[in-house]
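**Student:** Below is a structure I'd like to ask you about.
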Amino acid sequence: MIEMSKKKDLKLWELATLYESLRGNMSERNVYEKKYEIIDIMQNAIKNGINGTEYKNRILGSQAWMVKEANDNDKLIPTNILNNVVTYKMAVMEVKV
């Protein structure tokens, strides 16, 4: 793939699109459009997870909002982007899509 990108002078996103197209047996245009669907799903999952979710079959209640609140109020060890990554990961895991 790296050799192909050099020969065809492909940017990284073009190479990724080509790879997914071949891997998924779909057009590059379809891969490109699917990317936006996935981005939308992930952004909504983060937003909904941070807002809090409730499910009857869950052992623990929603917690992503607490991490975000603690981070916003400087109650966590400052780790730059890591606290945001943890918050977003927890938020996604707390949402059923």
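Those letters in the sequence shown? Residues 30 to 126, by our numbering.
Heads up, the beta-carbon is just placed ideally off N, CA and C, and yes, glycines get one too.
#1: Please list, in chain order, all residues of the same chain as ARG63 whose beta carbon is under 6 angstroms from its beta carbon, the five residues on each side excluded.
#2: Taking the CB atoms as reference points, tell me whether GLU32 and THR46 lie closer together than 7 angstroms.
#3: If you drop the 5 nearest sequence neighbours on each side, which residues of the same chain put their C-beta closer than 8 angstroms to that of ASN113?
#4: Would you report the Cα separation of LYS37 and LEU111, rounded to the nearest angstrom?
#5: Would the region 65-74 and the region 86-93 be scored as touching if the rule is three or more Cβ pairs under 8 angstroms?
#6: One question on the structure: do THR116 and VAL96 come within less than 7 angstroms of each other, judged by their Cβ atoms?
**Tutor:** The short version:
#1: Checking the sequence shown, residue 63 turns out to be Lys, not Arg. So the list is empty, once near-sequence residues are dropped.
#2: Their beta carbons are not under 7 angstroms apart, which means GLU32 does not touch THR46 by this criterion.
#3: Sequence-distant Cβ neighbours of ASN113 in its own chain, meaning closer than 8 angstroms and more than five residues away, are ASN100.
#4: The C-alpha of LYS37 lies about 36 angstroms from the C-alpha of LEU111.
#5: At 8 angstroms Cβ cutoff, the stretches do not touch.
#6: VAL96 sits close to THR116, with the two beta carbons spaced by under 7 angstroms.
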